[in-house]
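*Asks:* Counting in the working numbering, the sequence shown runs from 80 upward without gaps.
Note that beta-carbon positions come from the ideal geometry of N, C-alpha and C, so glycine has one too.
No experiment lies behind these values; they were computed from the predicted model shown.
Encoded as structure tokens, here's the structure I'll be asking about.
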Amino acid sequence: MRKLLYIILLIPTIGFGQKFSKKMEVDSVVTKQGWVIHLGDTVRLGSGKKDDGTFKSVKGIGWMDDKNNTGHQSLANGTYYVYQVLNDGTFLIRRKNIYGVGNDKLRVYYEQAIEFEELEIPDRYKKKETATNATSRADELTKLKKLLDDGVLTKEEFEAEKKKLLEN
80 MRKLLYIILL
90 IPTIGFGQKF
100 SKKMEVDSVV
110 TKQGWVIHLG
120 DTVRLGSGKK
130 DDGTFKSVKG
140 IGWMDDKNNT
150 GHQSLANGTY
160 YVYQVLNDGT
170 FLIRRKNIYG
180 VGNDKLRVYY
190 EQAIEFEELE
200 IPDRYKKKET
210 ATNATSRADE
220 LTKLKKLLDD
230 GVLTKEEFEA
240 EKKKLLEN
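This is the structure in structure tokens:
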């Protein structure tokens, strides 16, 4: 009977005593923009995009309730380092603290944070703004029309240039 009691008490202790699965942790993660975030990298948060200035995709880690567990405005424009990278679309960051005091552990949902511009990505990974050709085509057409009206171009030349411009 005593052995049975020990077994009954030992099984839950072993079951709940398991450590965090290392399968969840990875060394680095790649975002859609091609930015590779490694363990130990320094990241910078932008500003919160909710109406009250809090973050949509940065959450606090700890014992606080959900109301206080959202990314507060005071976290904005702070520099943090990545201390854990997980393969569930998040990484954990901590404020660089010279005193070693405080609990500024945060979970960042990085794809959402980049989408909402709450996480500042390096310049080389930002999307390049390309100039649209629609305005330049319109400008070219107005120039061609002006040349036609001035008599520099004939109607056939104007139509040929217009067709060539619209095909591109």
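Give the secondary structure of L226 by DSSP, where H, G and I count as helix, E and B as strand, and everything else as coil.
*Replies:* Residue mapping note: residue 226 aligns to position 147 of the sequence shown, counting from 1. It is helical.
*Asks:* Going by the beta-carbon positions, is the gap between Y267 and T110 smaller than 8 Å?
*Replies:* Given a span of 80 to 247 for the chain in the structure shown, any question on residue 267 remains unanswerable.
*Asks:* Which value, in whole angstroms, describes the spacing of the CA atoms of K128 and K135?
*Replies:* In the sequence shown, counting from the first residue as 1, residue 128 sits at position 49. In the sequence shown, counting from the first residue as 1, residue 135 sits at position 56. The straight-line gap from Cα to Cα measures roughly 6 Å.
*Asks:* Let me check understanding here. Comparing Cα to Cα, which of D106, D130 and R216 lies closest to E246?
*Replies:* Locating residue 246 in the sequence shown gives position 167, counting from the first residue. Of all alpha-carbon atoms in D106, D130 and R216, the one lying nearest the alpha-carbon of E246 is that of R216.
*Asks:* Please report the straight-line C-alpha distance between D202 and K222, rounded to a whole angstrom.
*Replies:* Working through the sequence shown from its first residue, we reach residue 202 at position 123. Working through the sequence shown from its first residue, we reach residue 222 at position 143. Going by the C-alpha atoms only, they are around 37 Å apart.
*Asks:* Can you give me the C-alpha to C-alpha distance between E197 and L165, rounded to a whole angstrom?
*Replies:* In the sequence shown, residue 197 corresponds to position 118, counting from 1. In the sequence shown, residue 165 corresponds to position 86, counting from 1. Going from the Cα of E197 to the Cα of L165 covers about 19 Å.
*Asks:* Does the separation of the CB atoms of Q152 and G132 fall below 8 Å?
*Replies:* Here the question's residue 152 lines up with position 73 in the sequence shown. Here the question's residue 132 lines up with position 53 in the sequence shown. Yes, these two residues count as a Cβ contact at 8 Å.
*Asks:* DSSP state of F237, grouped into three classes?
*Replies:* For the purposes of this step, residue 237 is identified with residue 158 of the sequence shown, where counting begins at 1. The answer is helix: DSSP assigns F237 an H, G or I state.
*Asks:* On a Cα-Cα basis, can you pick out the residue from T92, V105 and R174 that is closest to T121?
*Replies:* Mapped onto the sequence shown, residue 121 falls at position 42. Answer by Cα proximity: R174.
*Asks:* Per the DSSP calculation, G37 is bridged to which residue(s)?
*Replies:* For the chain, the structure presents residues 80 to 247; residue 37 sits outside this window and is missing.
*Asks:* Tell whether a beta-carbon distance below 8 Å holds between I200 and Q112.
*Replies:* The residue you call residue 200 lines up with position 121 of the sequence shown. The residue you call residue 112 lines up with position 33 of the sequence shown. Closer than 8 Å, so yes.
*Asks:* If you draw a straight line from the C-alpha of K242 to the C-alpha of T233, how long is it?
*Replies:* As a first step, residue 242 must be located in the sequence shown, where it is residue number 163. As a first step, residue 233 must be located in the sequence shown, where it is residue number 154. Between K242 and T233, the C-alpha separation is close to 14 Å.
*Asks:* Exposed or buried, T169, counting other C-beta atoms within 10 Å across all chains shown (16 or more means buried)?
*Replies:* Along the sequence shown, read from residue 1 onward, the residue named residue 169 stands at position 90. Its Cβ being crowded by 16 or more others within 10 Å, T169 is buried.
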